[in-house]
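Per the numbering used here, residue 1333 is the first one in the sequence shown, and the count goes up by one each step.
Ideal Cβ placement from N, Cα and C applies to all residues, glycine included.
What follows is a set of notes on a single structure, which appears directly below.
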Amino acid sequence: MTIAEGAVIRPALLDRVSPRGWYRTVAIAESITWTLLIAGMLLKYVAGLGTLPVLIGGSIHGFVFITYGMSAVLIGVNQRWSIGRIIGAVATAIVPYATIPFDRWLERQGILEGDWHLEATDDPRDQAWTRRFLRWMLHRPVALVLTFVVGIAVTMTALLLVGPPGGWSR
């Protein structure tokens, strides 16, 4: 079948990273960065080393926290999760280390199984604007990655302008 006949060209990036692999990697990274943040807090409050350890650990954790939240939405839309499940996935990042057991639960339920949904199916959910936009982005992995990076940067900048949780001066 030629491209003119409607063949689907699968972007190479999607062959390297499955929805399950992406989600699992970011879920584990989010838990690891909790350790960095907690270590930074211990260095600040117990060892008296000032605010720098919290600034470093908190910045890394904040970046990965936002990445996890955006990834949970992306994977949730791809896997046709309910809004409640997507919100639940994002909420697990608020509780230290909760992304790992949630990931394991998703795995046991088979909820992470499946590939990237590049084409619409007969499922009525595939007609939603979110799914159409996701398919459009999946066919343009450079645009997807750029949108993701810009989304993280804008969110992190906005949160830093609001101020870090609890302030750094304590």
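So, with DSSP's three-state summary, where would you put Val1405?
As a first step, residue 1405 is located in the sequence shown; it is residue number 73 there, counting from the start. Three-state result, Val1405: helix.
Mind checking which residues open and close the alpha helix (DSSP H) that includes Ala1371?
For this step, residue 1371 is matched to residue 39 along the sequence shown. It spans 1351-1377 - the alpha helix (DSSP H) in which Ala1371 sits, taken as one unbroken run.
For Leu1368 versus Gly1389, is the C-beta spacing smaller than 8 Å?
In the sequence shown, residue 1368 corresponds to position 36, counting from 1. In the sequence shown, residue 1389 corresponds to position 57, counting from 1. When the beta-carbon positions are compared, Leu1368 and Gly1389 come within less than 8 Å of each other.
Let me know the secondary structure DSSP gives Arg1412 once reduced to three states.
As a position in the sequence shown, residue 1412 is number 80, starting the count at 1. Collapsing the DSSP output to three states places Arg1412 in coil.
Given 8 Å, three or more beta-carbon pairs between the segment 1358-1375 and the segment 1383-1401
The segment 1358-1375 is in contact with the segment 1383-1401.
Between which two residues does the alpha helix (DSSP H) carrying Asp1447 extend?
Mapped onto the sequence shown, residue 1447 falls at position 115. Note, Asp1447: premise wrong, no alpha helix (DSSP H); not H, not E.
Measuring alpha carbon to alpha carbon, tell me which of Asp1458, Leu1478, Val1349 ends up nearest Val1409.
In the sequence shown, residue 1409 corresponds to position 77, counting from 1. The shortest CA-to-CA distance from Val1409 to any of Asp1458, Leu1478, Val1349 is the one to Asp1458.
Just mark Ala1379 as buried or exposed, buried being the case when its beta carbon has 16 or more other beta carbons within 10 Å.
By 1-based counting over the sequence shown, the position of residue 1379 is 47. A residue is called buried when at least 16 other Cβ atoms come within 10 angstroms of its Cβ; Ala1379 does not meet this threshold and is exposed.
Is the segment 1443-1455 in contact with the segment 1464-1478, if contact means three or more CB pairs nearer than 8 Å?
Short answer: they touch.
Under 8 Å between the Cβ atoms of Pro1385 and Gly1372?
Numbered from 1 along the sequence shown, position 53 holds the residue referred to as residue 1385. Numbered from 1 along the sequence shown, position 40 holds the residue referred to as residue 1372. Yes. Within cutoff.
Roughly how many whole angstroms lie between the Cα atoms of Met1488 and Phe1480?
The residue given as residue 1488 occupies position 156 in the sequence shown. The residue given as residue 1480 occupies position 148 in the sequence shown. Approximately 12 Å between the Cα atoms of the pair.
Cβ neighbour criterion (16 or more within 10 Å) applied to Gln1411
Stepping through the sequence shown from its first residue, residue 1411 is reached at position 79. So Gln1411 ends up on the buried side.
How about Ala1359 and Asp1435: are their beta carbons less than 8 Å apart?
As a working note, residue 1359 is residue 27 in the sequence shown. As a working note, residue 1435 is residue 103 in the sequence shown. Yes, these two residues count as a Cβ contact at 8 Å.
Residue from Ala1404, Ile1370, Leu1381, Gly1420 whose Cα sits closest to the Cα of Trp1354
Looking up residue 1354 in the sequence shown gives position 22. With respect to the C-alpha of Trp1354, the residue from Ala1404, Ile1370, Leu1381, Gly1420 having the closest C-alpha is Ala1404.
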